[in-house]
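Accompanying notes for the structure given below.
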Amino acid sequence: MIPSQGPLWNRRDIIKASLASTPLLAATPIALGQSPASTSTFEAASQLGRQPTLIADENARPGSNDWQLTRVRLDEIHGHRASDIEGYCSRQSVAAGEKIDIMVSTKERVEFVIEVFRTGYYGGAGARLMTRLGPFPGKPQPVPEPGEKNLRECRWEPSVSLTIPDDWPSGVYLGRLKTLRDKSGFGYWQSYVIFIVKDDRPADILFQCSDNTWQAYNPWPKNNSLYTHPNGNQGPWADVSFDRPYAMYAQIYENPQSIGSGEWLCFEFPFAYWLESMGYDVTYCSNSDMLTPDRGMKCKTMLSVGHDEYWDIRQYESVVAMRDAGVNVMFFSGNSVCWVTPMRPGFDGRENRIIFRGGPYGADYRYAEEREKNFGPYPHRGPVEGYLMGARNISPVNGGGDWVCTKPDHWIFEGTGMKQGESIPGLIGWEFHGDPAEIAGLEVIAEGTALNGGVNPAPWHATIYPGPKGNFVFNAATIFWCQDLSSPPGHMLPWSHWSRPHGPDKRVQQITKNLLDRSIGNR
Ligand SMILES: [Fe+2]
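What the sequence shown shows, in our numbering, is residues 3 to 525, in sequence order.
Below, the structure is given as structure tokens:
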């Protein structure tokens with residue numbers, strides 16, 4: 003059980019629900035008119051192939067009590083790399099039946115194994131062991147020299163080519179790399195690789211992982227991120243490749259749990275852990291799977307979670323198309339849709355492997371103009387993100403603060419008991435949204451002032467507005483939202499701008515449940 007959490011499904015509930023529900027691959031009848039969201043035409047057309055208990059069934063399986071990293075060594079104190087063993091995958095996401103290559107380098111010529119886990123709830127364990135691969139002979143693989151625009155693109159030999167079995171459900175998977183010994187003969191070294199298993203089944207909820215942002219901040223090997231080009235930290239000068247390991251996460255806290263896993267464990271996994279604990283029907287995808295709207299059109303609700311800063315314009319167009327077709331869109335995130343990030347192929351033609359900061363979203367609105375003036379010129383300019391999210395990436399866009407309820411009678415607060423002006427401590431941070439867009443029917447449901455650097459005020463706004471088909475778009479206006487949903491094993495709360503969230507909060511869980519249940523037609 004998760005402390006201070008709302009109603010959870012225990013194993014018996016999940017099994018009971020599974021037995022009572024429609025068999026896999028059968029059409030599930032839906033009650034049209036049950037909620038505004040359930041009247042959309044796309045939904046009625048997409049019921050064939052639903053597996054509404056897939057995630058609940060998966061979570062009834064035994065979890066692993068050992069999936070975290072135990073022994074991790076950075077090459078330098080306050081460094082980024084862990085070159086004793088490190089690796090990366092040939093694709094961000096992969097479907098059952100498709101192949102993904104895992105490339106691994108070891109500092110010494112030692113054997114290693116790869117244990118593949120699916121992250122989820124699993125009765126509180128947080129992950130399930132899916133397979134153990136190896137042992138394989140390890141060897142050092144070369145660190146690429148900086149290319150044009152400082153690109154560091156590894157061309158390592160695959161250590162294993164893995165075909166995803168048919169019975170691996172969509173989810174975010176960690177491959178735990180482990181040397182079978184260290185130099186002393188008594189220890190071992192570990193790190194992760196990460197990949198997403200996607201599917202195309204109709205599902206209630208689509209969880210879009212923010213992996214463009216993981217890669218934008220990835221400093222592997224020697225502080226080589228979108229933020230570290232000698233010309234400046236916010237310009238269009240640096241290219242980054244997915245063909246390299248994820249170094250230790252470079253901001254907010256030094257947390258060895260993250261090595262090789264991007265920002266998943268820090269800023270997104272608590273949302274997935276909570277969703278799966280509640281038995282929601284969720285499927286997962288990469289930012290790169292959103293270049294067309296096809297995936298999202300089969301789902302009732304799309305989630306942007308955590309730190310979702312870097313979007314290809316095609317992603318923006320996809321989500322606008324989804325919203326206009328009746329999909330609910332929820333930004334449980336901050337600093338989202340801030341920078342245009344065109345995706346292009348890697349050295350051997352694999353698609354969507356290189357990104358750069360192409361320019362700001364915001365059209366000719368003042369924050370985009372400011373970003374252009376301060377850090378440009380940029381080759382691209384995106385549309386106004388506020389017309390999609392409901393609020394914008396303001397300036398300053400980062401800081402810390404309390405999340406303050408300003409519309410307690412709104413249905414999203416039902417069951418929370420929240421009063422006008424009541425606050426949730428430290429939930430705003432470390433980046434947020436504000437300056438609501440002029441959209442018919444938009445409501446500001448929470449607002450307040452964050453403090454940048456602990457002292458400089460910045461107004462933020464959480465919003466909700468109606469879509470054209472009875473659907474809605476919600477913006478929580480904070481990266482930290484999921485920090486108050488759950489606390490999975492090994493999770494560490496962030497601390498930034500002299501402010502921090504507190505961890506699982508029943509009000510945040512209830513607001514999230516209200517939004518999700520209405521969006522999928524359960525209330
Ligand atoms: Fe950011």
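C-beta atoms are modelled at their ideal positions from N, C-alpha and C, and glycine is treated no differently. Being a predicted model, the structure only gives us computed values, none of them experimental.
Query, Result
"Is the stretch 264 to 277 touching the stretch 483 to 499, taking contact as three or more C-beta pairs under 8 Å?", "yes"
"Pick out every residue whose C-beta is nearer than 6 Å to a heavy atom of ligand 1: which are they, in chain order?", "His309, Glu311, Asn337, Glu433"
"Decide if asparagine 67 is buried, meaning its Cβ has at least 16 other Cβ atoms within 10 Å, or exposed.", "exposed"
"In chain order, what residues of the same chain have a beta carbon less than 7 Å from the beta carbon of isoleucine 104, not counting five sequence neighbours either side?", "Gly89, Cys91, Ile116, Pro160, Ser161, Val162, Leu164, Gly177, Val195"
"Look up glutamine 511 in the DSSP assignment and say whether it is helix, strand or coil.", "helix"
"When the Cα atoms are used, what is the spatial distance from glycine 472 to threonine 230?", "44 Å"
"In whole angstroms, give me the CA-to-CA distance for tryptophan 158 and glycine 140.", "12 Å"
"Can you tell me whether glutamine 422 is buried or exposed? The criterion is at least 16 other CB atoms within 10 Å of its CB, across all chains shown.", "exposed"
"Comparing alpha-carbon positions, which option in Asp411, Arg246, Ser263, His382 lies nearest glutamate 155?", "Arg246"
"Within this structure, are the beta carbons of alanine 479 and glycine 336 separated by less than 9 Å?", "yes"
"Just checking: is the beta-carbon of valine 475 within a distance shorter than 9 Å of some beta-carbon in chain D?", "Reference to chain D is not applicable here, since this structure consists of a single protein chain."
"For isoleucine 79, count the other beta carbons within 10 Å of its own beta carbon; 16 or more makes it buried, fewer makes it exposed. Which is it?", "exposed"
"Can you check whether the CB of glycine 402 is closer than 9 Å to the CB of arginine 316?", "no"
"List the endpoints of the continuous alpha helix (DSSP H) containing alanine 327.", "315 to 327"
"Just to confirm the assignment, what range does the alpha helix (DSSP H) spanning aspartate 296 have?", "296 to 299"
"Are three or more beta carbon pairs between the stretch 348 to 360 and the stretch 422 to 436 nearer than 8 Å?", "no"
"Identify whether glycine 189 lies in helix, strand or coil by the three-state DSSP scheme.", "coil"
"Taking the beta carbon of threonine 514 as the centre, do at least 16 other beta carbons fall within 10 Å, making it buried, or is it exposed?", "buried"
"Quick one, which of Asp326, Met299, Met292 has its alpha-carbon nearest aspartate 310's?", "Met292"
"In chain order, what are the residue ranges of uninterrupted alpha helix (DSSP H) at least 4 long that sit wholly in the stretch 176 to 225?", "213 to 219"
"Determine the direct distance from the alpha carbon of phenylalanine 244 to that of serine 498, and round the result to whole angstroms.", "27 Å"
"Let me know if valine 457 comes out buried or exposed under the rule of 16 or more other beta-carbons within 10 Å of its beta-carbon.", "exposed"
"Just to confirm, are valine 96 and phenylalanine 197 a CB contact at a threshold of 9 Å?", "yes"
"Would isoleucine 414 and isoleucine 466 be called neighbours here (beta carbons separated by less than 9 Å)?", "yes"
"For a test of the three-state rule: what should DSSP assign to serine 40, helix, strand or coil?", "Bear in mind that a pLDDT of 42 at serine 40, under 50, signals an unreliable position, so the model cannot answer this."
"By a C-beta neighbour count over all protein chains shown, 10 Å radius and 16 as the cutoff for buried, is alanine 442 buried or exposed?", "exposed"
"From this set, Gly384, His463, Arg183, which residue's C-alpha is nearest glycine 436's C-alpha?", "His463"
"Drop a sphere of 10 angstroms on the beta-carbon of glutamate 278, count the other beta-carbons inside from all chains shown, and report buried for 16 or more, exposed for fewer.", "buried"
"Does the distance from the C-beta atom of glycine 173 to that of alanine 127 stay below 9 Å?", "no"
"What did DSSP end up calling serine 306 once you bin it into helix, strand or coil?", "strand"
"If you draw a straight line from the C-alpha of cysteine 407 to the C-alpha of alanine 439, how long is it?", "19 Å"
"Among the candidates Asn226, Gly308, Arg352, whose CA atom is the shortest distance from the CA of asparagine 102?", "Looking at the sequence shown, residue 102 is not asparagine but isoleucine. The option with the nearest alpha carbon to isoleucine 102 is Arg352."
"Considering only residues of the same chain and omitting the five flanking positions on each side of tryptophan 500, which have a CB-CB separation below 6 Å?", "Gly456"
"Taking the alpha helix (DSSP H) that isoleucine 57 belongs to, which residues open and close that run?", "56 to 61"
"Would you say the beta carbon of proline 468 comes nearer than 8 Å to a heavy atom of ligand 2?", "The ligand content of the structure shown is limited to ligand 1, which means ligand 2 is not among them."
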